[in-house]
Amino acid sequence: MILSSRRIAALASSTHFGPERTVTSVSVDSRTLAEGALYVALRGGRVDGHSFVKEAVDRGAAALLVEKDQLARTLEATSARAAVIACDDCASALRRFASLYAAGMRSCTGIAVTGSCGKTTTKEMVASILSVGHSVASTPGNLNSTIGLPLSVLTMEEGDEYAVFEMGIDHVGEMDELVSVFPPQIAAVTNIGLSHLASFGSMVATAREKGRIFLPQTQGFILDDNPFGDYFRSLSPAIETVSNPFGLVEDLGLDGIRLRLGREDFVMPTFGMHNVKDASLAVAICRHLGLDDWQMAQGLSTLKPLFGRSRVMREGRLTVIEDCYNASLDSVSDAIASLSRLSWKGDKLIVLGDMRELGSACKDAHRKVGQALGKADCDHIFLYGEAMEEAYRVLYDMGESAKVVYTDSFSVLSQSLRKETKRGDLVLLKGSRAMAMERLHDVLREVP
Numbered sequence: 001m002i003l004s005s006r007r008i009a010a011l012a013s014s015t016h017f018g019p020e021r022t023v024t025s026v027s028v029d030s031r032t033l034a035e036g037a038l039y040v041a042l043r044g045g046r047v048d049g050h051s052f053v054k055e056a057v058d059r060g061a062a063a064l065l066v067e068k069d070q071l072a073r074t075l076e077a078t079s080a081r082a083a084v085i086a087c088d089d090c091a092s093a094l095r096r097f098a099s100l101y102a103a104g105m106r107s108c109t110g111i112a113v114t115g116s117c118g119k120t121t122t123k124e125m126v127a128s129i130l131s132v133g134h135s136v137a138s139t140p141g142n143l144n145s146t147i148g149l150p151l152s153v154l155t156m157e158e159g160d161e162y163a164v165f166e167m168g169i170d171h172v173g174e175m176d177e178l179v180s181v182f183p184p185q186i187a188a189v190t191n192i193g194l195s196h197l198a199s200f201g202s203m204v205a206t207a208r209e210k211g212r213i214f215l216p217q218t219q220g221f222i223l224d225d226n227p228f229g230d231y232f233r234s235l236s237p238a239i240e241t242v243s244n245p246f247g248l249v250e251d252l253g254l255d256g257i258r259l260r261l262g263r264e265d266f267v268m269p270t271f272g273m274h275n276v277k278d279a280s281l282a283v284a285i286c287r288h289l290g291l292d293d294w295q296m297a298q299g300l301s302t303l304k305p306l307f308g309r310s311r312v313m314r315e316g317r318l319t320v321i322e323d324c325y326n327a328s329l330d331s332v333s334d335a336i337a338s339l340s341r342l343s344w345k346g347d348k349l350i351v352l353g354d355m356r357e358l359g360s361a362c363k364d365a366h367r368k369v370g371q372a373l374g375k376a377d378c379d380h381i382f383l384y385g386e387a388m389e390e391a392y393r394v395l396y397d398m399g400e401s402a403k404v405v406y407t408d409s410f411s412v413l414s415q416s417l418r419k420e421t422k423r424g425d426l427v428l429l430k431g432s433r434a435m436a437m438e439r440l441h442d443v444l445r446e447v448p
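This is how it looks when you write it as C-alpha cells:
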C-alpha cells in the first residue's frame with residue numbers, strides 16, 4: 001500500500017487535518033505498528049485507542065484516524081507530526097476505506113472462506129496452491145472479524161491476482177458487514193457446527209447467517225456431507241457440492257497425510273484426517289480457477305504449520321500436538337480420534353480445556369467429549385475448566401477416572417501435568433482460545 005493521507009480521508013468519507021503524509025500500512029495497535037502506518041484509534045470495551053495516539057506518532061505513524069470528539073485533543077498531542085483524519089466512528093470509517101480500496105483492485109479475484117471450524121486451514125491451503133505461480137494476498141493469521149477483515153483487505157497490493165480471506169462471525173448481521181467490505185467472487189463454507197451457538201441460538205440460525213456469504217454473483221462451494229447442503233444450494237444455482245477428489249488417502253500420523261491427485265503423489269504435512277475435507281474444498285476452488293494437479297500438489301505439500309492448529313512441535317524431550325487455537329465438539333472429537341490412531345512408544349496424554357460459546361448445548365457437548373475420551377487409546381487425560389467437569393463425570397461413570405485429572409485451576413493442571421509427563425511422551429493440547437492452553441508449553445519444556 002502506498003496512499004496519501006488525503007486519499008485515505010476521501011475513501012473513508014472523513015475530514016483531513018494537518019500535513020499530508022504517505023501511508024504504507026494500517027494498524028489498530030500502537031505497540032506494533034510500522035513506520036509510515038495509519039493508526040486507527042478504535043474504541044473498545046476496555047481500552048480506547050485514542051489514549052495511544054501520541055505513542056503511535058512517537059513510533060512513526062504517518063497518519064491517525066480518530067473520532068471527531070477527540071480531534072482537538074489529537075491535534076494538540078501530535079503537534080502536526082502526523083496527518084489527522086477525523087470521522088464519526090472509526091470502525092465504520094475503516095470498513096468504508098477497506099471496501100473502496102478492495103473495489104479498486106479490479107484485476108484481483110476475491111475468495112472468501114467461512115464455517116464453524118477449518119476456516120484458517122482451508123484459507124491457507126487455497127492461498128498456498130494459488131501461490132504456485134501467482135501473486136496472492138491472504139488473511140494474516142486469522143484477522144477475520146468486522147475489524148480484522150478490513151485490516152486483511154488493506155494488505156492487498158497492486159498486481160495481486162488473487163485475494164483469499166476468511167470471514168468469522170459470532171453475531172447476527174456480521175456477515176452482511178463483511179461481504180459489504182469484500183464481496184467475494186468465490187466463497188466456501190467449511191461446515192456448520194455448534195460453535196457460537198450462544199450467539200446464534202441454533203445450528204439452523206448459524207447456517208442462515210454463514211450462508212449470507214453467498215451473494216448472487218458468487219460461485220459457492222460446500223462439502224457433500226454438509227447437513228445444510230439443501231439449504232445452501234437453495235440460495236443459488238452456482239453452489240457446487242464437493243466430494244473427496246483424492247485417489248489415495250493414507251494417514252502417516254505425525255508425518256502428515258499421503259495423497260494422490262490425478263498422477264501426483266505427495267505428502268500434505270498436516271496432522272489429522274479431518275484436514276482431507278479442507279483440502280478437498282481447496283482443490284475444488286483451485287480447479288475452478290484453472291490450476292492443474294501439479295500446482296495443487298505443490299501447494300498442499302508445502303503448507304506451513306500455524307500456531308494452535310494441529311502443529312507438531314518438539315518441546316524439550318516431548319512431542320506436542322499444539323491444537324489449542326480453538327475448540328468445538330467436532331474439532332475436539334477429530335483430535336481425540338487422530339491421537340488414538342497413532343502408535344507411540346511412550347505415553348499418550350490428552351490435555352483438554354473447555355469448549356466455549358456453546359450456549360444451551362454446552363453440557364451435552366462436553367458429555368460427548370467424555371464419551372469420546374472413554375473410548376480413546378491414551379494413557380492419561382487432563383481436563384481443565386468448569387465445563388469439562390461434565391466430561392469427567394462421564395468418564396467416572398464409565399470407570400475410566402483412574403487415568404483422569406480434572407481441575408478448574410491452571411496451577412493444579414500445570415503441577416499435575418509436570419508430575420505425570422516423562423521423556424518420550426506425546427501430548428495433545430486442545431481448548432478454546434479463552435483457555436490459553438499454550439501456557440503449558442513452559443511446563444512441558446521442564447520435563448526431565
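Per the UniProt record's numbering, residue 1 is the first one in the sequence shown, and the count goes up by one each step. Beta carbons are placed, not taken as given, at the ideal position from N, Cα and C, and that holds for glycine. No experiment lies behind these values; they were computed from the predicted model shown.
Looking at the DSSP output, Met-268 shares a beta bridge with Ile-257. Residue Val-28 holds the alpha-carbon nearest to the alpha-carbon of Gly-44 among Val-57, Ala-56 and Val-28. Nearest to Met-273 by alpha-carbon distance, out of Ser-331, Pro-237 and Met-296, is Ser-331. Around Val-179, the same chain offers Ala-112, Met-167, Arg-212, Ile-213 and Leu-215 as residues with beta carbons nearer than 8 angstroms, after the five sequence neighbours per side are excluded. Annotation: Leu-426 to Cys-90 spans about 46 angstroms, alpha carbon to alpha carbon. Per DSSP, Ile-85 is one residue of the beta strand (DSSP E) stretching across 83-87. Looking at the backbone, the Cα of Pro-245 and that of Ser-280 are separated by about 6 angstroms. Looking at the DSSP output, Glu-166 sits in a beta bridge with Val-113. Counting along the chain, the unbroken alpha helix (DSSP H) around Gln-371 starts and ends at 362-374. Pairing Thr-155 with Met-1 gives a Cβ-Cβ distance under 9 angstroms.
Note on Gly-193: 16 or more other CB atoms within 10 angstroms of its CB, so buried under the neighbour-count rule. For Gly-262, the number of other beta carbons within 10 angstroms of its own is below 16, and it is reported as exposed. Non-local C-beta neighbours of Asp-224 in its own chain, meaning closer than 7 angstroms and more than five positions away in sequence, comprise Thr-241, Val-242 and Ser-243, ordered along the chain. With fewer than 16 neighbouring CB atoms inside 10 Å of its own CB, Met-398 falls in the exposed class. The secondary-structure analysis by DSSP pairs Tyr-101 with nothing; it has no beta-bridge partner.
In the three-state reduction of the DSSP assignment, Phe-221 falls in the strand class, which pools E and B. In this model, Phe-271 and Val-320 are separated by some 12 angstroms (Cα to Cα). At the C-beta level, Leu-143 and Leu-151 come within 9 angstroms of one another. Pairing Asp-323 with Lys-348 gives a Cβ-Cβ distance that is not under 9 angstroms. In this structure the region 135-149 lies against the region 87-107, because at least three pairs of beta carbons, one per stretch, are closer than 8 angstroms. Fully contained in the region 290-317 are the following alpha helix (DSSP H) runs of length 4 or more, in chain order: 293-301.
Within the same chain, Cβ atoms closer than 6 angstroms to the Cβ of Met-313 are found at Val-320 and Glu-322, the five residues on either side in sequence being excluded.
In the three-state scheme derived from DSSP, where H, G and I count as helix and E and B as strand, Tyr-39 is classed as strand. Considering only Ala-365, Ala-205, Lys-345 and Ser-360, the residue with the shortest C-alpha distance to Asp-354 is Ala-365. In this structure, the CA atom of Ala-83 is about 39 angstroms from the CA atom of Thr-122. Here the alpha carbons of Gly-110 and Ala-187 stand approximately 9 angstroms from one another.
About 17 angstroms separates the CB atoms of Val-126 and Ile-239; that is not less than 8 angstroms, and the two are not in contact.
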